[in-house]
Amino acid sequence: MKNLFSIGELSKLQNISRQTLIFYDKIGLFCPAYVDPENGYRYYSAAQLDFLDTICIMKRIGFSLDEIKSYLKEYTLDTSMAALRKQLTIIDRQIEELQLIKSRVEHRCLQLEQSTAIRSQYAEVSLQTVQSQYIVWQEVAAPYTLDRVSMATKQCFVRSFKERLPVFFQSGAIVPLARILRGEYTLASHAFLPIEKCSAAGVVELPAGQCAVTYHTGDYLSIGTAYERLLQYCRAHRLQIISDSYEFALIDYLSTGDEAEYITKILFYVEDAP
Numbered sequence: 182m183k184n185l186f187s188i189g190e191l192s193k194l195q196n197i198s199r200q201t202l203i204f205y206d207k208i209g210l211f212c213p214a215y216v217d218p219e220n221g222y223r224y225y226s227a228a229q230l231d232f233l234d235t236i237c238i239m240k241r242i243g244f245s246l247d248e249i250k251s252y253l254k255e256y257t258l259d260t261s262m263a264a265l266r267k268q269l270t271i272i273d274r275q276i277e278e279l280q281l282i283k284s285r286v287e288h289r290c291l292q293l294e295q296s297t298a299i300r301s302q303y304a305e306v307s308l309q310t311v312q313s314q315y316i317v318w319q320e321v322a323a324p325y326t327l328d329r330v331s332m333a334t335k336q337c338f339v340r341s342f343k344e345r346l347p348v349f350f351q352s353g354a355i356v357p358l359a360r361i362l363r364g365e366y367t368l369a370s371h372a373f374l375p376i377e378k379c380s381a382a383g384v385v386e387l388p389a390g391q392c393a394v395t396y397h398t399g400d401y402l403s404i405g406t407a408y409e410r411l412l413q414y415c416r417a418h419r420l421q422i423i424s425d426s427y428e429f430a431l432i433d434y435l436s437t438g439d440e441a442e443y444i445t446k447i448l449f450y451v452e453d454a455p
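First residue of the sequence shown? That's 182 in my numbering, and the numbers climb one at a time after it.
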């Protein structure tokens with residue numbers, strides 16, 4: 182039709198799909214100038230192109246369709262400036278969050294590379310001086326089975342995402358020393374996520390100190406062999422264990438579907454026996 186664009190022509194001109202234009206029409210955001218009553222074909226006027234440009238740009242900036250629809254009902258220079266200033270604040274927050282995620286992904290990549298590089302050393306036990314670090318934890322509900330540990334871990338992640346906590350993409354568990362000495366190696370009391378130092382409630386500091394450290398490779402149910410190795414080392418070197426066990430999952434379900442590739446770092450805080 183003269184001076185009108187078909188939906189196909191407008192789709193090519195604006196690089197926007199026909200389905201999107203139809204959807205915009207259905208929600209009352211961008212309606213055709215004319216609809217043929219005989220066949221229902223939609224046609225758009227040249228005067229509408231600027232309006233569609235505004236919609237596409239606002240959508241690109243990050244406004245929702247509902248926000249765009251409300252904004253375009255009656256917009257002025259003042260309302261435009263207010264809307265864009267508000268969106269700048271949202272974009273700054275998104276950039277900050279993406280930078281945090283980027284740093285966590287970089288940390289995770291480095292951790293995986295280091296874990297695979299020293300795999301041959303995992304059967305050893307060593308005495309290490311560790312720096313202070315922080316965790317956010319969640320109690321594991323009785324009877325402390327692996328599925329309860331998994332649930333507690335998920336609660337930690339849900340909280341961290343909801344509150345935008347600066348956690349690392351890594352999980353861990355705390356197993357009370359008394360349970361380990363009874364051979365109950367998988368009955369964790371807490372699940373945790375390592376986190377940067379922050380003022381959020383429930384963040385716990387693991388102090389700097391001397392630790393006996395070993396690694397377990399393979400599925401979690403077989404972790405007892407690593408604990409036996411660690412306990413034997415402490416006895417042989419006259420080291421007194423003064424903490425529960427802290428398990429850091431270096432490679433777990435977040436990185437592989439093969440449990441044979443799992444790597445868990447285990448440590449006790451220790452001191453020389455009297």
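No residue lacks a Cβ here, since even glycine has one placed at the ideal position from N, Cα and C.
Measure how close the beta-carbons of residue i and residue j come, nearest whole angstrom, since I'm counting them as under 8 Å.
i: Q485; j: F429; result: Coverage of the chain is limited to positions 182 through 455, which leaves residue 485 absent and any answer about it impossible.
i: Y443; j: T398; result: 7 Å
i: T367; j: L402; result: 7 Å
i: F373; j: A354; result: 7 Å
i: K210; j: K250; result: It is worth fixing the name first, because residue 210 is Leu in this sequence and not Lys. Confirmed, Cβ separation roughly 5 Å.
i: T326; j: Q391; result: About 32 Å separates the two Cβ atoms, so there is no contact after all.
Skipping 5 residues on each side, what residues in its chain have a beta carbon closer than 6 Å to that of residue i?
i: R329; result: V321, A322
i: P388; result: S313
i: G383; result: V317
i: R360; result: L368
i: E377; result: P347
i: A454; result: R419, Q421
Suppose contacts are defined by Cβ-Cβ distances below 8 Å. Is residue i in contact with residue j by that definition?
i: E440; j: A381; result: no
i: E452; j: T395; result: no
i: F244; j: Q268; result: yes
i: L202; j: S192; result: yes
i: P357; j: I316; result: no
i: T235; j: L253; result: yes
i: S296; j: I404; result: no
i: I208; j: L258; result: no
i: F349; j: H418; result: no
Just verifying my parser: in three-state terms, what is the DSSP assignment at residue i?
i: E305; result: coil
i: H418; result: coil
i: A263; result: helix
i: F244; result: coil
i: Q314; result: strand
i: A407; result: helix
i: R340; result: helix
i: Y252; result: helix
i: D206; result: helix
i: R223; result: strand
i: K193; result: helix
i: V385; result: strand
i: T320; result: A quick correction: the sequence has Glu, not Thr, at residue 320. Note: E320 maps to strand in three-state DSSP.
i: D453; result: strand
i: A430; result: strand
Please classify residue i as buried or exposed, where buried requires at least 16 other C-beta atoms within 10 Å of its C-beta.
i: C337; result: buried
i: H371; result: buried
i: T445; result: buried
i: L279; result: exposed
i: Y256; result: exposed
i: A333; result: buried
i: A407; result: buried
i: I422; result: buried
i: D217; result: exposed
i: D425; result: buried
With a threshold of 8 Å between beta carbons, is residue i in contact with chain C?
i: V451; result: Among the chains of the structure shown, chain C does not appear; only one protein chain is present.
Go through its chain and collect everything with a Cβ distance to residue i's Cβ below 7 Å, but skip five positions before and after it.
i: A393; result: V306, L308, L411, Y414, C415, L420, L448, F449, V451
i: L185; result: A214, Y215, Y224, Y225, S226
Between residue i and the rest of its own chain, which residues show a CB-CB distance below 8 Å, the 5 nearest in sequence each way excluded?
i: C379; result: Y315, L346, P347
i: R363; result: none
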